[in-house]
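Heads up, the sequence shown is in the numbering used here, so the first residue is 115 and it goes up one at a time.
The structure appears below as structure tokens.
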Amino acid sequence: MLLVIALGGNAFAKEGGKVGSPEEQWERVRLAASDVADMIEEGFDVVVTHGNGPQAGLLAERVGDYLSLDMIDAATEGWMGYLIANALTSEFMRRGILRKPVVIISRSIVNKNDPAFQNPTKYVGPLYDKETADKLSRKRGWVFKWDARGGFRRVVPSPEPMDIMELDAIKLLIREGYVPITVGGGGVPVVMNGEARGVDAVIDKDLASQVLANSINSDYLLILTDVDYIYVNFRKTNQARLVEVAVDEVERYYENGQFPPGSMGPKVLAAIRFLRNGGKTAYIGPLGRARDILRGQIGTRIIRRE
Numbered sequence: 115m116l117l118v119i120a121l122g123g124n125a126f127a128k129e130g131g132k133v134g135s136p137e138e139q140w141e142r143v144r145l146a147a148s149d150v151a152d153m154i155e156e157g158f159d160v161v162v163t164h165g166n167g168p169q170a171g172l173l174a175e176r177v178g179d180y181l182s183l184d185m186i187d188a189a190t191e192g193w194m195g196y197l198i199a200n201a202l203t204s205e206f207m208r209r210g211i212l213r214k215p216v217v218i219i220s221r222s223i224v225n226k227n228d229p230a231f232q233n234p235t236k237y238v239g240p241l242y243d244k245e246t247a248d249k250l251s252r253k254r255g256w257v258f259k260w261d262a263r264g265g266f267r268r269v270v271p272s273p274e275p276m277d278i279m280e281l282d283a284i285k286l287l288i289r290e291g292y293v294p295i296t297v298g299g300g301g302v303p304v305v306m307n308g309e310a311r312g313v314d315a316v317i318d319k320d321l322a323s324q325v326l327a328n329s330i331n332s333d334y335l336l337i338l339t340d341v342d343y344i345y346v347n348f349r350k351t352n353q354a355r356l357v358e359v360a361v362d363e364v365e366r367y368y369e370n371g372q373f374p375p376g377s378m379g380p381k382v383l384a385a386i387r388f389l390r391n392g393g394k395t396a397y398i399g400p401l402g403r404a405r406d407i408l409r410g411q412i413g414t415r416i417i418r419r420e
């Protein structure tokens, strides 16, 4: 059984999407490593992906004059991949799991004419108050939108991932018993037009994880983030959590605008696409509770029943 585990970038950040100290980052990554080890002990072959929103936003703010967003994507793939690999190696040694993690800096092919380049929606970086957001907007030309978490965040283009250039290498590593850590931050966005060239954007990790999962014929997709369930009518008086839901039903909720495009929307869309393209079951739930999610004790399970 093959399982893709998508680790959310916000799940590795502090409240408000802020990147913590090195020690705080290690603590969060250790939590993720425990989830991955649990799934291997449950009998799964595992591929790990991860987000990079808070990390990419931090680098853009500090070194944005020297690195384009595609370079920042590559840097955060290495940054987060390194942390995850060390945490997995340590956890596997502790449990006697004979697997080795391998980090693959991956590139995701996008269409240079994707309409997302004209409509930035992908949140990166921390939450700001309006005054600070306005100041950064004037200084750097950044675009900000309100985040349901309670502040303004930068939004950047997020084109659709069409293919993953390192797919053959990922498949080879799976066959050889390794644990690939790949498609970090959705992979580096690249357009092909006689040459491979990076573009100034950030690909959504969940949508790239779905493309990967279907491309390697994964049975399951597990999206770990900073929420316990997905909800309809979120933060309204009639808010309701979804525990088990058929793909048709959740697709209707999605089409009716129940899930914001910059946060829960891509996760739900990734789950829908995964199931529509042959996946068995998709799960969305909290980091650190992977085993409980698969056992139905927490999190949302999206199934193929029509």
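Every residue gets a Cβ at the ideal spot worked out from N, C-alpha and C, and that includes glycine.
Can you tell me the Cα-Cα spacing of residue i and residue j, whole angstroms?
i: GLU93; j: GLU245; result: As shown, the chain starts at 115 and ends at 420. That puts residue 93 outside it, with no answer to give.
i: GLY123; j: GLY171; result: 11 Å
i: GLU369; j: PRO375; result: 11 Å
i: LEU145; j: PRO273; result: 30 Å
i: LEU117; j: VAL297; result: 15 Å
i: THR203; j: ASP228; result: 39 Å
i: LEU173; j: ALA262; result: 23 Å
i: GLY379; j: PHE373; result: 5 Å
i: GLY195; j: TRP140; result: 12 Å
i: LYS381; j: TRP193; result: 23 Å
i: VAL359; j: GLU309; result: 43 Å
i: GLY410; j: ARG311; result: 43 Å
i: SER182; j: TYR343; result: 35 Å
i: GLY300; j: LEU121; result: 11 Å
i: VAL160; j: GLU363; result: 28 Å
i: ALA247; j: PHE266; result: 7 Å
i: ARG209; j: PHE258; result: 44 Å
i: MET115; j: VAL341; result: 26 Å
i: ASN200; j: VAL150; result: 13 Å
i: GLY264; j: LYS350; result: 15 Å
i: ILE198; j: ARG142; result: 10 Å
i: GLN232; j: VAL270; result: 10 Å
i: ILE284; j: ILE278; result: 10 Å
i: TYR367; j: ASN352; result: 15 Å
i: LEU326; j: GLY393; result: 11 Å
i: MET306; j: VAL316; result: 17 Å
i: ALA249; j: TRP256; result: Before going further, note that residue 249 is Lys rather than Ala in the sequence given. Going by the C-alpha atoms only, they are around 10 Å apart.
i: VAL361; j: ARG405; result: 22 Å
i: ARG268; j: PRO234; result: 9 Å
i: ILE330; j: LEU321; result: 14 Å
Here's the rule I'm using: 16 or more other beta-carbon atoms within 10 Å means buried, otherwise exposed. How should residue i be labelled?
i: SER135; result: exposed
i: TYR242; result: buried
i: ASN166; result: buried
i: GLN324; result: buried
i: VAL236; result: Before going on, a small fix: residue 236 reads as Lys here, not Val. LYS236 is buried by the Cβ-count criterion.
i: ALA354; result: exposed
i: GLU137; result: exposed
i: MET207; result: exposed
i: MET153; result: buried
i: THR339; result: buried
i: LEU287; result: buried
i: GLU155; result: exposed
i: ASP187; result: buried
i: ARG176; result: exposed
i: ARG419; result: exposed
i: VAL357; result: exposed
i: GLY371; result: exposed
i: ARG254; result: exposed
i: GLY239; result: buried
i: ARG62; result: Residue 62 cannot be examined here, being either before or after the span of the chain that is shown, 115 to 420.
Give the C-beta separation of residue i and residue j to the nearest angstrom, bearing in mind that I take them to be a contact with Cβ-Cβ under 8 Å.
i: VAL133; j: SER222; result: With 8 Å as the limit, VAL133 and SER222 do not qualify as a contact, their Cβ atoms being about 23 Å apart.
i: ASP184; j: VAL313; result: 6 Å
i: MET67; j: ASN347; result: There is no way to answer for residue 67, as the model of the chain reaches only from 115 to 420.
i: GLU205; j: SER148; result: 6 Å
i: THR163; j: LYS319; result: 6 Å
i: ALA127; j: PRO168; result: 4 Å
Does the ligand NAD have even one heavy atom less than 8 Å from the beta-carbon of residue i?
i: THR296; result: You won't find the ligand NAD in this model; it holds no ligand whatsoever.
| query | Does the region 286 to 305 come close enough to the region 209 to 224 that 3 or more CB-CB pairs lie under 8 Å? | reply | yes
| field | Cβ contact check for the region 413 to 420 and the region 393 to 400: 3 or more pairs under 8 Å | value | yes
| field | Minimum length 4: unbroken alpha helix (DSSP H) runs contained in the region 278 to 346 | value | 281 to 289 and 319 to 329
| If you pair each beta-carbon of the region 330 to 350 with each one of the region 384 to 395, do three or more pairs fall below 8 Å? | yes
| field | Sequence ranges, alpha helix (DSSP H) only - wholly within the region 129 to 186, length at least 4 | value | 136 to 155 and 167 to 177
| task | Within the region 233 to 263, note down every full alpha helix (DSSP H) run reaching 4 residues or more, in order along the chain. | result | 244 to 254
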